[in-house]
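Have a look at the structure below before the remarks.
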Amino acid sequence: MPRLEHSHTPGAIARRLGHGPRVSYLRDWVYGGIDGTVTTFAIMAGVVGANLSPTVVVVLGIANLLADGFSMAAGNYTGTRAERDEYDQLRRMEERHIALAPEGEREEVRQIFRAKGFEGDALESAVDVITRHRESWIDTMMTEEHGMPAVSRSPIHAALYTFVAFVACGSVPLLPYLLGLAAPEWPSAIMTGATFFAIGSFRSRWSPKPWWQAGSETLLIGMLAASVAYFIGYLLKGLVA
Numbered sequence: 000m001p002r003l004e005h006s007h008t009p010g011a012i013a014r015r016l017g018h019g020p021r022v023s024y025l026r027d028w029v030y031g032g033i034d035g036t037v038t039t040f041a042i043m044a045g046v047v048g049a050n051l052s053p054t055v056v057v058v059l060g061i062a063n064l065l066a067d068g069f070s071m072a073a074g075n076y077t078g079t080r081a082e083r084d085e086y087d088q089l090r091r092m093e094e095r096h097i098a099l100a101p102e103g104e105r106e107e108v109r110q111i112f113r114a115k116g117f118e119g120d121a122l123e124s125a126v127d128v129i130t131r132h133r134e135s136w137i138d139t140m141m142t143e144e145h146g147m148p149a150v151s152r153s154p155i156h157a158a159l160y161t162f163v164a165f166v167a168c169g170s171v172p173l174l175p176y177l178l179g180l181a182a183p184e185w186p187s188a189i190m191t192g193a194t195f196f197a198i199g200s201f202r203s204r205w206s207p208k209p210w211w212q213a214g215s216e217t218l219l220i221g222m223l224a225a226s227v228a229y230f231i232g233y234l235l236k237g238l239v240a
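Structure follows, in structure tokens:
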């Protein structure tokens, strides 16, 4: 049965809007978690396929967790920092244009809202209200003209979420080996599959797909990557002394 995600009473709406748009780092968490699990398990599958010792599995797995996790976090930091720099540059440009060519900028607002269906006195009233407040005017141009988000993500937080998710989820395939189980391959595969499915299911909270479909897709992608690594390791195991 359809349900409402939040209340629509005037007081509830005022409180919700008063907090402003929320910054989401879900993408960074899911990206780091999936990549950490995939790459760690793929490396382990390749080592197992090459019939190498569990010690090699642990060494390569830990090395991958720390090195690749840091690399991904650094890459995400750089990419998010670039997004912030682009936002700042465009905002400074709009500030300059409003100062030097205010009528041209007013016309841009007019055409933007005309395309939304405003016309006549309602259109002119909207233009007057928006351009009366400089910050709101700039915010409108950033969102409507340049397609910029209403809130900016922190590069440090994005990198941190990616690294933590990478290490936390990527550690799962290693646990049976670290615990010294006699036959760690199957427990590692089962635990890794459960992690893939859990990440995909969690992602479905922000997706129109049902939880089981999102979980199954993530599970399939992860296991395909691991299968490729296993068979490559199997084919090349003769090259290992």
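Mapping the sequence shown onto numbering that gives the first Met the number 0, position 44 (from 1) lands on 43, and the numbers just tick up by one. Where is the CB? At the ideal position from N, CA and C, for every residue including glycine.
**Item:** CB of Gly232 within 8 angstroms of CB of Phe40, strictly
**Value:** no
**Asked** Are the segment 73–87 and the segment 171–187 in contact at 8 angstroms, needing three or more beta carbon pairs?
**Response** no
**Prompt:** For Gly68, does the count of other Cβ atoms within 10 angstroms reach 16, so buried, or fall short, so exposed?
**Reply:** buried
**Request:** Kindly list the residues whose CB is nearer than 8 angstroms to the CB of Phe117, restricted to its own chain and excluding five residues on each side of it in sequence; keep chain order.
**Result:** Ala125
**Request:** Would you identify the three-state DSSP class for Ala72, choosing helix, strand or coil?
**Result:** helix
**Message:** I'd like the span of the alpha helix (DSSP H) that includes Glu107, first residue to last.
**Reply:** Pro101 to Ala114
**Prompt:** Out of curiosity, what's the CA-to-CA distance linking Thr161 and Ile61?
**Reply:** 17 angstroms
**Prompt:** CA-CA distance, Pro91 and Met140?
**Reply:** For the record, residue 91 in the displayed sequence is Arg; it is not Pro. If I take the Cα positions, the gap works out to 12 angstroms.
**Prompt:** Counting along the chain, where does the alpha helix (DSSP H) carrying Glu143 start and finish?
**Reply:** Arg133 to Glu143
**Message:** Since Ile137 and Glu93 should fall inside the 8 angstroms C-beta cutoff, what is the C-beta to C-beta distance between them, to a whole number of angstroms?
**Reply:** 5 angstroms
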